[in-house]
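Contents: one structure, followed by commentary.
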Amino acid sequence: MTDQIKPSPVLDVRGLQTVFHDTQGAWPAVDGIDLTLYPGEVLGLVGESGSGKSVAGFSVMGLIDPPGEITAGEVLFRGEDLRKKSEEELRRIRGIALAMIFQNPLSTLNPVLRIGEQMTEVLSEHGHDDSAAAASLAVESLRKVGIPAPEQRIHQYPHELSGGMRQRVAIAIALLGDPAVIIADEPTTALDVTIQGQIIAELQKLQAESGAGMIWITHDLGVVAELADRIAVMYAGNIVEMGPTDAVLDHPRHPYTLGLLDSVPGDTVPGAPLRQVPGNAPPLSQRPLGCPFHPRCASASDICRRDMPERETDAFGRSYLCHHPVSQKVDP
Amino acid sequence: MTESSLIAADRPATENAAESADAILEMRNLSRVFTRQPVLAETLLKLAGRAPDIPVLRAVRSVNLSVQRGEVLGLAGESGCGKSTLGRMMTGILPASEGTVSYEGADVATLRGAALKDFTLGVQMVFQDPYSSLNPRQRVAAILAEPLTVHRPDLSRAQINARVDAALEEVGLDVSYRDRFPHQFSGGQRQRIGIARALIVEPQFLVCDEPIAALDVSIQAQVINLFLELRRKRNLTYLFVSHDLSVVRHMADRVAIMYLGEIVELAPTAELFADPKHPYTRTLLEQIPSVRNRKRSFSTVKGELPSPLNPPSGCPFHPRCPAAMPQCSVDAPQLQQIAPGRTVSCHLYDKDKTLT
Numbered sequence: 338m339t340d341q342i343k344p345s346p347v348l349d350v351r352g353l354q355t356v357f358h359d360t361q362g363a364w365p366a367v368d369g370i371d372l373t374l375y376p377g378e379v380l381g382l383v384g385e386s387g388s389g390k391s392v393a394g395f396s397v398m399g400l401i402d403p404p405g406e407i408t409a410g411e412v413l414f415r416g417e418d419l420r421k422k423s424e425e426e427l428r429r430i431r432g433i434a435l436a437m438i439f440q441n442p443l444s445t446l447n448p449v450l451r452i453g454e455q456m457t458e459v460l461s462e463h464g465h466d467d468s469a470a471a472a473s474l475a476v477e478s479l480r481k482v483g484i485p486a487p488e489q490r491i492h493q494y495p496h497e498l499s500g501g502m503r504q505r506v507a508i509a510i511a512l513l514g515d516p517a518v519i520i521a522d523e524p525t526t527a528l529d530v531t532i533q534g535q536i537i538a539e540l541q542k543l544q545a546e547s548g549a550g551m552i553w554i555t556h557d558l559g560v561v562a563e564l565a566d567r568i569a570v571m572y573a574g575n576i577v578e579m580g581p582t583d584a585v586l587d588h589p590r591h592p593y594t595l596g597l598l599d600s601v602p603g604d605t606v607p608g609a610p611l612r613q614v615p616g617n618a619p620p621l622s623q624r625p626l627g628c629p630f631h632p633r634c635a636s637a638s639d640i641c642r643r644d645m646p647e648r649e650t651d652a653f654g655r656s657y658l659c660h661h662p663v664s665q666k667v668d669p
Numbered sequence: 103m104t105e106s107s108l109i110a111a112d113r114p115a116t117e118n119a120a121e122s123a124d125a126i127l128e129m130r131n132l133s134r135v136f137t138r139q140p141v142l143a144e145t146l147l148k149l150a151g152r153a154p155d156i157p158v159l160r161a162v163r164s165v166n167l168s169v170q171r172g173e174v175l176g177l178a179g180e181s182g183c184g185k186s187t188l189g190r191m192m193t194g195i196l197p198a199s200e201g202t203v204s205y206e207g208a209d210v211a212t213l214r215g216a217a218l219k220d221f222t223l224g225v226q227m228v229f230q231d232p233y234s235s236l237n238p239r240q241r242v243a244a245i246l247a248e249p250l251t252v253h254r255p256d257l258s259r260a261q262i263n264a265r266v267d268a269a270l271e272e273v274g275l276d277v278s279y280r281d282r283f284p285h286q287f288s289g290g291q292r293q294r295i296g297i298a299r300a301l302i303v304e305p306q307f308l309v310c311d312e313p314i315a316a317l318d319v320s321i322q323a324q325v326i327n328l329f330l331e332l333r334r335k336r337n338l339t340y341l342f343v344s345h346d347l348s349v350v351r352h353m354a355d356r357v358a359i360m361y362l363g364e365i366v367e368l369a370p371t372a373e374l375f376a377d378p379k380h381p382y383t384r385t386l387l388e389q390i391p392s393v394r395n396r397k398r399s400f401s402t403v404k405g406e407l408p409s410p411l412n413p414p415s416g417c418p419f420h421p422r423c424p425a426a427m428p429q430c431s432v433d434a435p436q437l438q439q440i441a442p443g444r445t446v447s448c449h450l451y452d453k454d455k456t457l458t
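So the sequences go chain by chain: A and B.
Under this note's numbering, residues 338 to 669 are what the first sequence spells out, in order.
Under this note's numbering, residues 103 to 458 are what the second sequence spells out, in order.
Okay, here's the thing in structure tokens:
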């Protein structure tokens with residue numbers, strides 16, 4: 338996973354492992370993932386429910402509460418390991434230099450605070466004492482995300498806004514500190530397609546202006562195809578394939594990536610059966626031995642049932658975890 | 103904005119005459135309004151002769167639509183456009199405020215006795231959320247047997263059990279799961295149970311309200327395939343309500359696009375996707391994310407869906423429409439036929455104009 342052409346990554350995650358404890362033991366929701374994010378880049382982190390994609394995002398932010406626990410790995414933000422920082426030091430980074438946008442803006446905004454108060458609260462937490470300046474920063478930030486009449490909006494409560502407007506407010510709050518890294522966890526999943534288009538357009542514009550790196554967590558392959566520079570596909574706590582968007586989507590090597598792509602109606606003949614991935618993703622406590630995908634995989638063999646594959650990297654800068662990667666030709 | 107401009111009573115008769123050939127369900131000028139109960143103060147005001155202004159939400163406005171036997175009719179639109187309300191009215195769960203729903207040629211509001219039972223059993227519904235649509239305290243066998251114990255007193259216990267097992271098998275669930283509770287299943291399996299429950303009374307017509315929206319991508323494909331297979335095997339008719347146009351494209355023979363309670367375009371699926379006529383349909387199609395597109399600059403549609411409590415004057419889409427003309431804010435366009443089987447509600451296609 339080395340890349341000599343680009344500048345140094347703004348975020349470099351190595352061997353990150355997050356487990357959830359219960360009475361039976363500790364189950365790894367994120368099982369030793371490596372991720373790098375460069376300034377100005379969009380990394381799409383794709384997976385189905387339970388794949389660990391959101392836990393990965395929360396782990397990078399250091400937002401894992403018991404029964405969850407980050408048990409291994411490094412999260413290097415601008416070269417410094419966030420895992421070695423105290424909660425106090427983390428608080429100063431989080432929300433300003435390292436921002437997160439969540440899926441449901443109704444539950445991330447405080448229902449009893451006006452929009453303006455929620456925004457200036459963030460600024461005063463981070464040492465902004467001048468309240469008039471903070472208020473004008475808040476208005477400016479709302480204007481940047483395309484909210485009409487922001488001077489009036491700051492006096493409103495979240496329930497007075499539509500879902501799209503609330504998500505814009507959440508984004509405006511995330512952008513207040515001009516973050517170097519934005520982690521967006523399914524930020525448009527709850528929205529209609531026309532509003533999704535608006536929000537993505539605003540974020541694309543803002544990111545291009547600020548040069549922030551962005552991790553876009555989603556289950557929607559269509560959105561990351563159109564948005565991301567690189568894609569990481571997660572399955573059962575592992576990044577099973579990662580690489581440039583074109584390589585991953587046009588010539589996937591992991592059978593799961595291929596299965597996901599085939600499951601999406603699009604180029605398919607209307608009415609014809611879709612190629613489907615059989616079965617369900619295994620629950621956290623019932624992950625199989627060997628490759629976690631083998632019970633659903635058409636090309637699984639004995640080695641897949643026994644050994645976790647090693648990560649392979651190809652000439653396109655794409656890596657994958659598979660004993661029997663998909664090839665352009667059928668394997669002998 | 104007057105009431106009469108919104109509810110176009112005199113639609114061209116040709117539009118429905120052609121497609122009524124073998125309609126299983128037909129809707130005529132169908133509307134649904136929601137309002138709230140007056141609070142005490144408002145009741146008192148009314149008694150005092152000063153009727154208060156209680157807001158009225160027009161969820162579905164004067165819809166004319168027929169569903170042909172054996173077809174899959176897709177119904178698409180953004181949240182709040184009234185597509186689920188329309189679907190519920192088609193099953194009889196929600197009564198209409200105005201207009202009629204006819205099943206097999208008879209107005210369902212007038213059905214009684216055996217004919218009413220034919221309708222209620224003949225039209226079944228599959229719901230969006232497989233977590234809230236199954237009773238968590240009933241075992242699967244009880245969930246599936248209940249419609250039969252209520253509606254088919256002629257069946258013996260053994261016959262009902264046999265049908266429950268057959269229904270489980272038909273939707274791809276192991277018969278040994280019959281004594282489990284809903285929480286022991288995944289989302290996709292629960293949706294299969296919901297489908298089995300709808301099918302067990304042997305309906306003609308299934309109203310599927312966003313049946314795969316709550317499922318993961320790989321599970322969506324499994325359930326889509328199940329719907330396709332059941333349609334083939336049982337010769338079912340579907341209304342497939344979805345906000346996901348790529349799913350609608352895959353499933354449907356014809357597609358109706360709804361906006362703010364009205365059907366704005368109706369066309370055979372291939373034609374609609376190849377050549378959308380209504381500016382709103384075009385907008386929606388442009389916004390579908392596709393794995394084939396790369397690094398797109400997302401274009402933005404102006405504004406948001408207006409509140410159905412306070413719809414815009416004239417054409418409901420005019421404040422967001424890239425092709426809006428002065429007349430659009432004044433006159434509500436009528437649904438008009440522009441090609442065989444294609445109707446659109448837009449002033450761009452008024453007969454005196456030659457714009458396309």
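Cβ coordinates follow ideal geometry from the N, Cα and C atoms, glycine included.
Next on the checklist: Closer than 8 Å is the cut-off here; do at least three beta carbon pairs connect the stretch 576 to 583 of chain A with the stretch 535 to 550 of chain A?
Outcome noted: They do not touch, by the three-pair rule.
Checklist entry - Expressed to the nearest angstrom, what Euclidean distance is found between the alpha-carbon atoms of Leu457 of chain B and Ala425 of chain B? => result At Leu457 of chain B, the pLDDT of 47 sits below 50, so the modelled position is not reliable; the number obtained from the coordinates is stated separately. For Leu457 of chain B and Ala425 of chain B, the distance between alpha carbons rounds to 11 Å.
Item to check | Cβ-based contacts, 8 Å cut-off: residues of the stretch 584 to 606 of chain A near chain B | outcome: So the close ones are Leu586, Gly596, Leu597, Leu598, Asp599, Ser600, Val601, Pro602, Gly603, Asp604 and Thr605.
Checklist entry - From Ser468 of chain A to Glu488 of chain A, what distance separates their C-alpha atoms? => result A straight line joining the alpha-carbon of Ser468 of chain A with that of Glu488 of chain A spans about 15 Å.
Next on the checklist: For the stretch 624 to 641 of chain A against the stretch 557 to 574 of chain A, do three or more pairs of beta-carbon atoms, one drawn from each stretch, fall closer than 8 Å, so that the two count as touching?
Outcome noted: For the pair of segments examined, the stretch 624 to 641 of chain A was found to touch the stretch 557 to 574 of chain A: the number of CB pairs separated by less than 8 Å reaches three.
Checklist entry - With Ala562 of chain A and Val393 of chain B assumed to form a contact (beta carbons below 8 Å), what rounded beta-carbon distance in angstroms separates them? => result Contact between Ala562 of chain A and Val393 of chain B holds, with the beta-carbon distance rounding to 4 Å and staying under 8 Å.
Checklist entry - Quick one: does Val80 of chain B have its CB under 8 Å from some CB of chain A? => result No answer is possible for residue 80 of chain B: it lies beyond the span of chain B, which begins at 103 and ends at 458.
Checklist entry - If you draw a straight line from the alpha carbon of Val277 of chain B to that of Leu270 of chain B, how long is it in whole angstroms? => result Between Val277 of chain B and Leu270 of chain B, the C-alpha separation is close to 6 Å.
Item to check | Rounded straight-line distance, which links the Cα of Arg351 of chain B to that of Ala372 of chain B | outcome: Rounded to whole angstroms, the gap between the alpha carbons of Ala372 of chain B and Arg351 of chain B is 8 Å.
Checklist entry - So who's on the other strand from Asp311 of chain B, going by DSSP bridges? => result Paired residue(s): B:Val343.
Next on the checklist: Please list the terminal residues of the continuous alpha helix (DSSP H) segment that includes Thr251 of chain B.
Outcome noted: In the DSSP assignment, Thr251 of chain B falls within the alpha helix (DSSP H) that extends over Val242 to His253.
Checklist entry - Mind listing which residues of the stretch 541 to 559 of chain A have their C-beta closer than 8 Å to chain B's C-betas, in chain order? => result Those residues of the stretch 541 to 559 of chain A placed with their C-beta closer than 8 Å to a C-beta in chain B are Gln541, His556, Asp557, Leu558 and Gly559, ordered along the chain.
Item to check | Host beta strand (DSSP E) of Leu382 of chain A (start-end) | outcome: From DSSP, the beta strand (DSSP E) with Leu382 of chain A extends over Val379 to Val383.
Item to check | Residue(s) in a DSSP beta bridge with Gln170 of chain B | outcome: BP columns for Gln170 of chain B point to B:Ala125.
Checklist entry - For Leu330 of chain B, which residues in chain A fall below 9 Å Cβ to Cβ? => result Ordered by position in chain A, the residues that pass the 9 Å Cβ test against Leu330 of chain B are Gly608, Ala609, Pro610 and Leu611.
Next on the checklist: How far does the beta strand (DSSP E) with Gln354 of chain A in it extend, from its first residue to its last?
Outcome noted: Gln354 of chain A: member of the beta strand (DSSP E) spanning Leu348 to Asp359, first to last residue.
Checklist entry - Going by other Cβ atoms of all chains shown within 10 Å of its Cβ, with 16 needed for buried, is Asp318 of chain B buried or exposed? => result Burial call: buried.
Next on the checklist: Using CA atoms only, rank isn't needed, just tell me which of B:Met427, B:Leu407, B:Glu367 and B:Arg356 is closest to Arg171 of chain B.
Outcome noted: If we check each option's Cα against that of Arg171 of chain B, B:Arg356 comes out closest.
Checklist entry - Which two residues bound the contiguous alpha helix (DSSP H) that contains Ile440 of chain B? => result Membership of Ile440 of chain B in any alpha helix (DSSP H) is not indicated; the residue belongs instead to the beta strand (DSSP E) covering Gln438 to Ala441.
Item to check | Backbone CA spacing between Ala366 of chain A and Ala409 of chain A [nearest angstrom] | outcome: Roughly 12 Å between the two C-alpha positions.
Item to check | Pairwise C-alpha distance: Thr605 of chain A and Ser664 of chain A | outcome: A straight-line Cα-Cα distance of about 21 Å links Ser664 of chain A and Thr605 of chain A.
Item to check | Run of the alpha helix (DSSP H) containing Ser444 of chain A, from where it starts to where it stops | outcome: Element bounds for Ser444 of chain A: Pro442 to Thr445.
Next on the checklist: With the cut-off set at 8 Å, would you say Arg292 of chain B and Tyr361 of chain B are in Cβ contact?
Outcome noted: Their beta carbons are not under 8 Å apart, which means Arg292 of chain B does not touch Tyr361 of chain B by this criterion.
Item to check | Short CB-CB distance (under 8 Å) between Lys453 of chain B and chain A | outcome: Closer than 8 Å: no.
Checklist entry - Under 8 Å between the Cβ atoms of Gly381 of chain A and Leu564 of chain A? => result A contact, by the Cβ cut-off of 8 Å.
Item to check | Beta-carbon contacts of Ala110 of chain B that lie in its chain and below 8 Å, excluding the five residues immediately before and after | outcome: The pLDDT assigned to Ala110 of chain B is 39, lower than 50, so where the model puts this residue is not dependable, and the model offers no usable value.
Checklist entry - Near His591 of chain A, what residues of its chain come up, given a Cβ to Cβ distance below 6 Å and the 5 sequence neighbours on each side ignored? => result Once the five neighbours on either side are set aside, the close Cβ partners of His591 of chain A are Val577, Glu578, Tyr657 and Cys659.
Next on the checklist: Looking only at its chain, what residues have a beta carbon closer than 6 Å to the beta carbon of Ile532 of chain A, apart from the 5 residues adjacent to it on each side?
Outcome noted: Hits under 6 Å: Gly501.
Next on the checklist: With a threshold of 8 Å between beta carbons, is Val397 of chain A in contact with chain B?
Outcome noted: Not an interface residue.
Checklist entry - With a cut-off of 8 Å, do at least 3 Cβ pairs link the stretch 384 to 392 of chain A to the stretch 350 to 370 of chain A? => result Yes, since at least three Cβ pairs between the stretch 384 to 392 of chain A and the stretch 350 to 370 of chain A fall closer than 8 Å, the two stretches touch.
Item to check | Chain-order list of residues whose beta-carbon lies under 7 Å from that of Pro305 of chain B (same chain, five-residue window excluded) | outcome: For Pro305 of chain B, same chain residues with a beta-carbon under 7 Å away, outside a window of 5 residues either side, are Leu223, Gly224, Val225 and Gln226 in chain order.
Next on the checklist: Pop quiz: Tyr205 of chain B and Leu149 of chain B are said to be a contact at Cβ under 8 Å. What is the actual Cβ separation, rounded to whole angstroms?
Outcome noted: That belief does not hold up - the Cβ atoms of Tyr205 of chain B and Leu149 of chain B are roughly 41 Å apart, past 8 Å.
Next on the checklist: Is it buried or exposed, Ser447 of chain B, if we count other Cβ atoms within 10 angstroms and call 16 or more buried?
Outcome noted: Result: buried.
Checklist entry - For Ala652 of chain A, does the count of other Cβ atoms within 10 angstroms reach 16, so buried, or fall short, so exposed? => result Exposed, by the Cβ-count rule.
Checklist entry - Which bits of chain B does Val350 of chain A rub up against, with CB to CB less than 8 Å? => result Simply none; closest approach about 24 Å.
Item to check | Option nearest His492 of chain B by Cα separation, candidates B:Pro238, B:Leu330 and B:Ala300 | outcome: No answer is possible for residue 492 of chain B: it lies beyond the span of chain B, which begins at 103 and ends at 458.
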